[in-house]
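Chemist: After the structure tokens below, expect a handful of questions from me.
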Amino acid sequence: MCVLCFAYLVDGDPNPLSLGQGYQKGLIVEAQTRNADISSGSYSGRLSDFDPVTIEQSLTAPESDTKEFRVFVSKWGESQEKGTTGGLVSYSFATQNYNGQLRDFDSFITDVSFQKEIVEALSVWEDEADIRFFEVSDSSHVDIRFGWANIDGSRSILGETTFPSTGPLNQVIVAFDRDEDWFVGGDAPVNLIDFSSTAIHEIGHAIGIDHSETNQSIMRASYSREIFDLQRDDINAVTDIYGQNEIIRIDVHRFYRPETGSHFFTSNLDEKVNVEKSNAFDVEGVGFSAVSTEDDFISGAVPVYRFFNPDLGSHLFTAFDTEKNHLIDNTNFIFEGIGFRAFSSDTASTVPVYRFFNQESGGHFFTASEVEKDAIINFPQLVFEGEAFYAFI
Ligand SMILES: [Zn+2]
Numbered sequence: 001m002c003v004l005c006f007a008y009l010v011d012g013d014p015n016p017l018s019l020g021q022g023y024q025k026g027l028i029v030e031a032q033t034r035n036a037d038i039s040s041g042s043y044s045g046r047l048s049d050f051d052p053v054t055i056e057q058s059l060t061a062p063e064s065d066t067k068e069f070r071v072f073v074s075k076w077g078e079s080q081e082k083g084t085t086g087g088l089v090s091y092s093f094a095t096q097n098y099n100g101q102l103r104d105f106d107s108f109i110t111d112v113s114f115q116k117e118i119v120e121a122l123s124v125w126e127d128e129a130d131i132r133f134f135e136v137s138d139s140s141h142v143d144i145r146f147g148w149a150n151i152d153g154s155r156s157i158l159g160e161t162t163f164p165s166t167g168p169l170n171q172v173i174v175a176f177d178r179d180e181d182w183f184v185g186g187d188a189p190v191n192l193i194d195f196s197s198t199a200i201h202e203i204g205h206a207i208g209i210d211h212s213e214t215n216q217s218i219m220r221a222s223y224s225r226e227i228f229d230l231q232r233d234d235i236n237a238v239t240d241i242y243g244q245n246e247i248i249r250i251d252v253h254r255f256y257r258p259e260t261g262s263h264f265f266t267s268n269l270d271e272k273v274n275v276e277k278s279n280a281f282d283v284e285g286v287g288f289s290a291v292s293t294e295d296d297f298i299s300g301a302v303p304v305y306r307f308f309n310p311d312l313g314s315h316l317f318t319a320f321d322t323e324k325n326h327l328i329d330n331t332n333f334i335f336e337g338i339g340f341r342a343f344s345s346d347t348a349s350t351v352p353v354y355r356f357f358n359q360e361s362g363g364h365f366f367t368a369s370e371v372e373k374d375a376i377i378n379f380p381q382l383v384f385e386g387e388a389f390y391a392f393i
């Protein structure tokens, strides 16, 4: 069964999987053998940590290195055609093993510092290509699930990504080797293994990228102690599969009006200039960044409606249609249309924008800062209204 799956993977792939170096091919065969007991068939991508001598040699790629990325047949998104959107892809930190999953975890990633690096690793790919990741509670149906596995002790294999060898990408398992000397929070020193770059690499497999033939890439088969971020070759790979991320971020500026105790937010540059000229407002900088009103093709981005309260001289934003309809009937507010676009669910590169109601001023306050939210959440005059939408900082 799996031999057939493997043959299909090679023959069906217009990209030069089958033309790869003997070494690369061997790695795939090895992975296939390992998963031969899985009836549905799977491909396992591995990041191996070779001995330092080999790494030194492989780091110096020749100047005429024209080798490049390779991608799998399968991708995320409604269409399997290359260059089309990956759409919204769910991910979870596994909390248990489910019957039939392609690979079992041995333990679960509960440490937030590791979780945070995985979210950032997802956002690295999200920033470049037309694919968006959002976190969900763990279940067997989640698109990409992350966990620990006791793979082979310290060194050698650092992580394994397993997915069905035929059909669209589906229920991918990303397992990191529990026994590595992992380093989180920046670039790892030479004696430790960088978790974030390993996560970026494994997620690369999870979204359909094979090992690159060039050493100047994070998708190279062996771990590099010098490459911690996406390289040009990796960006070429992910945009080949999903197209470019065309989200143009616009800044939403924040002002404070001491006279009324209310805040004013705007993404309109003319308005920003006019408010700055008036002496009524204190300039507080960029509150958060959002998506332009014109970009109505971004999957997951919804309109955030803007209302003006003339008494306060402040704006109210809402992404909820029911609230919008309610406010349109409220004579205290003037409906101003779509202020900007943001996301209705959290994605890897967005953060929640929290909304507060100020009972003293009658206005609303928005913040994308967790620190600020925590600092003001117990202010007696403020009513915490939760996550209004998700934007960028
Ligand atoms: Zn790999």
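Sequential numbering from 1 applies to the sequence shown in the numbering used here.
In this text, a Cβ means the ideal position worked out from N, Cα and C, and glycines have one as well.
(1) Pull up the distance between the alpha-carbon of V174 and that of I131, whole angstroms please.
(2) On the premise that T161 lies in contact with E202, defined as a C-beta separation below 8 angstroms, what is that separation, rounded to the nearest angstrom?
(3) Assign N358 to buried or exposed, taking buried as 16 or more other Cβ atoms, counted over all protein chains shown, within 10 Å of its Cβ.
(4) With DSSP as the reference, identify every bridge partner of T266, one or two as the case may be.
(5) Within 8 angstroms, do at least three Cβ pairs link the region 100 to 115 to the region 313 to 320?
(6) Apart from the five residues on each side of it in sequence, which residues of its chain come closer than 6 angstroms, Cβ to Cβ, to S196?
(7) Counting along the chain, where does the alpha helix (DSSP H) carrying L382 start and finish?
(8) Are there 16 or more other CB atoms within 10 angstroms of the CB of Q244, so buried, or fewer, so exposed?
(9) What residue does the alpha helix (DSSP H) around E370 start on, and which one ends it?
(10) For Y395, does the three-state DSSP call read helix, strand or coil?
(11) Which residues mark the beginning and the end of the alpha helix (DSSP H) in which A175 is found?
(12) Using a Cβ-based criterion (distance less than 8 angstroms to any ligand heavy atom), does A221 qualify as near ligand 1?
(13) Heavy atom of ligand 1 less than 8 angstroms from the Cβ of T161, yes or no?
(14) Report yes or no: do three or more beta-carbon pairs, one from the region 150 to 160 and one from the region 267 to 283, lie closer than 8 angstroms?
(15) Whole angstroms is fine: what's the gap from Y354's alpha carbon to L327's?
(16) For V119, which residues of its own chain have a beta-carbon under 7 angstroms away from its beta-carbon, when the five flanking residues on both sides are left out?
(17) Are the beta-carbon atoms of D179 and R70 separated by less than 9 angstroms?
(18) Report yes if the CB atom of D346 is closer than 9 angstroms to the CB atom of E294, and no otherwise.
(19) For D296 and A342, what's the separation of their Cα atoms in angstroms?
(20) Could you tell me the distance, in whole angstroms, from the CA atom of V252 to the CA atom of E323?
(21) Which whole-angstrom value is the C-beta distance of V283 and F255, which I expect to be below 8 angstroms?
(22) Please report the distance separating the alpha-carbon of I207 from that of L169.
(23) Kindly indicate which three-state DSSP category W125 falls into: helix, strand or coil?
(24) Could you tell me whether any non-hydrogen atom of ligand 1 is closer than 8 angstroms to the CB of H211?
(25) Figure out for me which residue from E213, W76, E336 has the closest Cα to the Cα of I144.
(26) May I ask you to list the residues that DSSP assigns as paired with R145?
(27) Any heavy atom of ligand 1 closer than 8 angstroms to the CB of E68?
(28) Confirm the yes/no value for this check: CB of E202, any heavy atom of ligand 1, distance under 8 angstroms.
(29) Distance check for A391 and T318, CA to CA, integer angstroms please.
(30) Would you please verify whether the beta carbon of F195 is less than 9 angstroms from any beta carbon of chain D?
Modeler: For this structure:
(1) Within the sequence shown, residue 174 is the residue found at index 174, counting from 1. Within the sequence shown, residue 131 is the residue found at index 131, counting from 1. Rounded to whole angstroms, V174 to I131 spans 18 angstroms at the Cα level.
(2) Taking the sequence shown and counting its residues from 1, one reaches residue 202 at position 202. Taking the sequence shown and counting its residues from 1, one reaches residue 161 at position 161. The beta carbons of E202 and T161 sit about 5 angstroms from each other, so the pair counts as a contact at 8 angstroms.
(3) On the sequence shown, residue 358 is found 358 positions in, with the first residue counted as 1. Within a 10 Å sphere around the beta-carbon of N358 sit 16 or more other beta-carbons, which makes this residue buried.
(4) Position 266 of the sequence shown, counted from the start, is the residue given in the question as residue 266. Bridge partners of T266: H253.
(5) Between the region 313 to 320 and the region 100 to 115, the count of C-beta pairs closer than 8 angstroms stays below three; the two stretches do not touch.
(6) In the sequence shown, counting from the first residue as 1, residue 196 sits at position 196. Taken in chain order, the residues that qualify are E117, A121.
(7) Working through the sequence shown from its first residue, we reach residue 382 at position 382. It is not in any alpha helix (DSSP H) - L382 instead sits in the beta strand (DSSP E) that spans 382 to 391.
(8) The residue given as residue 244 occupies position 244 in the sequence shown. Residue burial is scored here from C-beta neighbours: Q244 has fewer than 16 other C-beta atoms within 10 angstroms and is therefore classed as exposed.
(9) The residue given as residue 370 occupies position 370 in the sequence shown. Segment 370 to 376, the alpha helix (DSSP H) holding E370.
(10) Nothing about residue 395 can be reported from this structure: the residues present for the chain run from 1 to 393 only.
(11) For the purposes of this step, residue 175 is taken as the residue at position 175 of the sequence shown. From DSSP, A175 is part of no alpha helix (DSSP H) but of the beta strand (DSSP E) over 172 to 177.
(12) Position 221 of the sequence shown holds residue 221. Taking 8 angstroms as the cut-off, the C-beta of A221 counts as close to a heavy atom of ligand 1.
(13) Mapped onto the sequence shown, residue 161 falls at position 161. With a cut-off of 8 angstroms, the C-beta of T161 is classified as near ligand 1, since at least one heavy atom of the ligand falls inside that distance.
(14) When Cβ pairs closer than 8 angstroms are counted between the two stretches, the region 150 to 160 is seen not to touch the region 267 to 283, the count staying below three.
(15) Here the question's residue 354 lines up with position 354 in the sequence shown. Here the question's residue 327 lines up with position 327 in the sequence shown. Taking the CA atoms as reference points, Y354 sits about 19 angstroms from L327.
(16) Here the question's residue 119 lines up with position 119 in the sequence shown. The beta carbon of V119 is closer than 7 angstroms to those of A348 in its chain, skipping five residues each way along the sequence.
(17) Position 179 of the sequence shown holds residue 179. Position 70 of the sequence shown holds residue 70. Result no, Cβ atoms of D179 and R70 do not sit closer than 9 angstroms.
(18) What you label residue 346 is simply residue 346 of the sequence shown in a count that begins at 1. What you label residue 294 is simply residue 294 of the sequence shown in a count that begins at 1. The answer is no: Cβ separation not under 9 angstroms.
(19) For the purposes of this step, residue 296 is taken as residue 296 along the sequence shown, with counting starting at 1. For the purposes of this step, residue 342 is taken as residue 342 along the sequence shown, with counting starting at 1. Approximately 10 angstroms, taken between the alpha carbons.
(20) Counted from its first residue, the sequence shown places residue 252 at position 252. Counted from its first residue, the sequence shown places residue 323 at position 323. Their Cα atoms are separated by approximately 21 angstroms.
(21) One-based indexing of the sequence shown puts residue 283 at position 283. One-based indexing of the sequence shown puts residue 255 at position 255. With 8 angstroms as the limit, V283 and F255 qualify as a contact, their Cβ atoms being about 6 angstroms apart.
(22) Counting from one through the sequence shown, the residue named residue 207 turns up at place 207. Counting from one through the sequence shown, the residue named residue 169 turns up at place 169. Whole-angstrom Cα-Cα distance: 8 angstroms.
(23) As a first step, residue 125 is located in the sequence shown; it is residue number 125 there, counting from the start. Here W125 carries a helix assignment [DSSP, helix/strand/coil].
(24) Indexing the sequence shown from 1 puts residue 211 at position 211. Within 8 angstroms of the C-beta of H211 there is at least one heavy atom belonging to ligand 1.
(25) Numbered from 1 along the sequence shown, position 144 holds the residue referred to as residue 144. Ranking E213, W76, E336 by CA distance to the CA of I144 puts W76 first.
(26) Locating residue 145 in the sequence shown gives position 145, where the first residue counts as 1. Checking the DSSP bridge columns, you'll see R145 partnered with S92, I173.
(27) Numbered from 1 along the sequence shown, position 68 holds the residue referred to as residue 68. If you check the C-beta of E68 against ligand 1, you find no heavy atom less than 8 angstroms away.
(28) By 1-based counting over the sequence shown, the position of residue 202 is 202. E202 Cβ: within cutoff of ligand 1.
(29) Residue mapping note: residue 318 aligns to position 318 of the sequence shown, counting from 1. Residue mapping note: residue 391 aligns to position 391 of the sequence shown, counting from 1. Distance from the CA of T318 to the CA of A391, rounded to the nearest whole angstrom, comes to 13 angstroms.
(30) Annotation note: the requested chain D is absent from the structure, which comprises a single protein chain.
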